[in-house]
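**Q**
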Amino acid sequence: MKLACKAGKMWHFAEPDHCGWAQTFVERDEFEETVEVSSVDEVGEFCSMCLERRED
Numbered sequence: 145m146k147l148a149c150k151a152g153k154m155w156h157f158a159e160p161d162h163c164g165w166a167q168t169f170v171e172r173d174e175f176e177e178t179v180e181v182s183s184v185d186e187v188g189e190f191c192s193m194c195l196e197r198r199e200d
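Just so you know, the sequence shown maps onto residues 145 to 200 in this note's numbering.
1) On a Cα-Cα basis, can you pick out the residue from 158, 186 and 176 that is closest to residue 194?
2) Using the C-alpha atoms, what's the distance from residue 165 back to residue 197?
3) Is it the case that the Cβ atoms of residue 149 and residue 191 are separated by a distance below 7 Å?
4) Starting from residue 258, trace the beta strand (DSSP E) in both directions and tell me its first and last residue.
5) When DSSP builds the beta bridges, which residues end up paired with residue 155?
Here's what the structure looks like:
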C-alpha cells in the first residue's frame, strides 16, 4: 500500500480510502514523502480516520 506524509507528521493512505485531510493534501500537492509498505505499522503515527475509512 502507498502511504504519504506531510512535513514529517502524520501518515495517511495516499490512495484510495484516505480521509478528508489527505484528499485536501493530494489536491494541493502538499504531501512531501511517499512510501510503499505492507502494513501501516511500518511507519510512525498513522491517521485513525484513514484506517476507519478503509475498514468501512
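Ideal placement from N, C-alpha and C gives every residue a C-beta, glycine not left out.
**A** Let me lay it out:
1) Measuring from the Cα of residue 194, the nearest candidate turns out to be 158.
2) Approximately 12 Å between the Cα atoms of the pair.
3) No, the Cβ-Cβ distance between residue 149 and residue 191 is not below 7 Å.
4) Since the first and last residues shown for the chain are 145 and 200, residue 258 lies out of range.
5) Beta-bridge pairing by DSSP links residue 155 to 149 and 190.
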